[in-house]
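Each position in the sequence shown, counted from 1, maps to that position plus 56 in this note's numbering. Each residue gets a CB set at the ideal place from its N, CA and C atoms; glycine is no exception. All of these numbers come straight from a predicted model, not from anything done at the bench. Notes follow the structure.
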Amino acid sequence: MTAMRQKSLIHPDQLPLSLEREADLEALIETRVAQRCEADALRWRLQIVTIETLVIACLVAALAFAAGQSGATALRASILAGGACFAAGTLTIGLSASAAQLLARLRKGKRP
């Protein structure tokens, strides 16, 4: 019985994979995942603020019409309420992002 040599599954043009730097690779992956999660979190926050803005504007318009106000008054009130809601939401997102960056810088400064 002759021993048959099994063909290598690695293509000759493939770059060799060095597993010695596994910790570096894992740190790189964690960094990229963290950046992507931060970007996704910002997108979700902006979507929530936009949805809340539309809901508030519609509620104000409905209440103005229910109270017997004219169409122009209801429209103006809903635009003002929606604009104020959107401004407050974006300001909150901006301030929380700034505070998070400030805390990250302070934590970096404390480490040797």
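What number of angstroms, rounded off, separates the C-alpha of ALA128 from the C-alpha of SER152?
Here the C-alpha atom of ALA128 lies approximately 36 Å from the C-alpha atom of SER152.
Quick check on DSSP: helix, strand or coil for ILE66?
Annotated three-state conformation of ILE66 is coil, per DSSP.
Determine the direct distance from the alpha carbon of ARG99 to that of CYS141, and round the result to whole angstroms.
Answer to the nearest angstrom: the Cα atoms are 17 Å apart.
Span separating the alpha-carbon of ARG92 from that of GLN103
In this structure, the alpha-carbon of ARG92 lies about 17 Å from that of GLN103.
Secondary structure at ALA130, three-state DSSP: helix, strand or coil?
The answer is helix: DSSP assigns ALA130 an H, G or I state.
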